[in-house]
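Student: Per my numbering, the sequence shown starts with residue -13, numbered consecutively.
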Amino acid sequence: MRQQILERSQLLQQIHTPDAGAAQAAAPQGPAGGFTDALKSALDNVSATQAKAADLSAGFEQGTVTDVASVMLARQEAGIAFEATLQVRNRLLSAYQDIMRMGV
-13 MRQQILERSQ
-3 LLQQIHTPDA
7 GAAQAAAPQG
17 PAGGFTDALK
27 SALDNVSATQ
37 AKAADLSAGF
47 EQGTVTDVAS
57 VMLARQEAGI
67 AFEATLQVRN
77 RLLSAYQDIM
87 RMGV
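#1: Can you give me the start and stop residues for the alpha helix (DSSP H) that G20 sits inside?
#2: Taking the straight line between their C-alpha atoms, what separation do you get for Q10 and A24?
#3: What do you reckon, is the C-beta of S80 under 7 Å from a heavy atom of the ligand MN?
#4: Does DSSP put D84 in a helix, in a strand, or in coil?
#5: Helix, strand or coil, according to DSSP, for G89 in the structure here?
#6: Tell me the rounded alpha-carbon separation between Q83 and V74.
#7: In three-state terms, what does DSSP make of T52?
#8: When we look at the beta-carbon of V32 and count the other beta-carbons within 10 Å, is it buried (16 or more) or exposed?
#9: How many angstroms separate the CA atom of G89 from the CA atom of T22?
#10: Return yes when the Cβ of S56 is within less than 8 Å of the Cβ of L42, no when it is not.
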């Protein structure tokens, strides 16, 4: 939170300086730690969980991993992460459709 305040303060200072104003117009930036970053981070975490489960499953099939419980746990975690991601997508799509149906 403090870092965001400092970044916004620096942005405001750059806007008020004439030389930096031209540079800011050329390269606009979104808010720090926005929704897009959070969504990308969550998707990366789900992808990493699925990759870990796939690696453990492949290791078990090859005989390098002997702990069945860890393989099953990793597969369940990946499945739950995917289901949660799917539910978030459904909610976002529903919200978008509700917004598009609103009258002006």
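For glycine and all other residues, C-beta sits at the position ideal for the given N, C-alpha and C.
Tutor: Inspection of the coordinates gives the following:
#1: Looking at the DSSP string, G20 is not in any alpha helix (DSSP H), and its letter there is neither H nor E.
#2: Per-residue confidence for Q10 stands at a pLDDT of 47, beneath the threshold of 50, marking its modelled position as unreliable; no derived number is given.
#3: No copy of the ligand MN occurs in the structure displayed, which carries no ligand at all.
#4: Here D84 sits in helix by DSSP.
#5: coil
#6: 14 Å
#7: coil
#8: buried
#9: 27 Å
#10: Taking the C-beta atoms as reference points, S56 is found nearer than 8 Å to L42.
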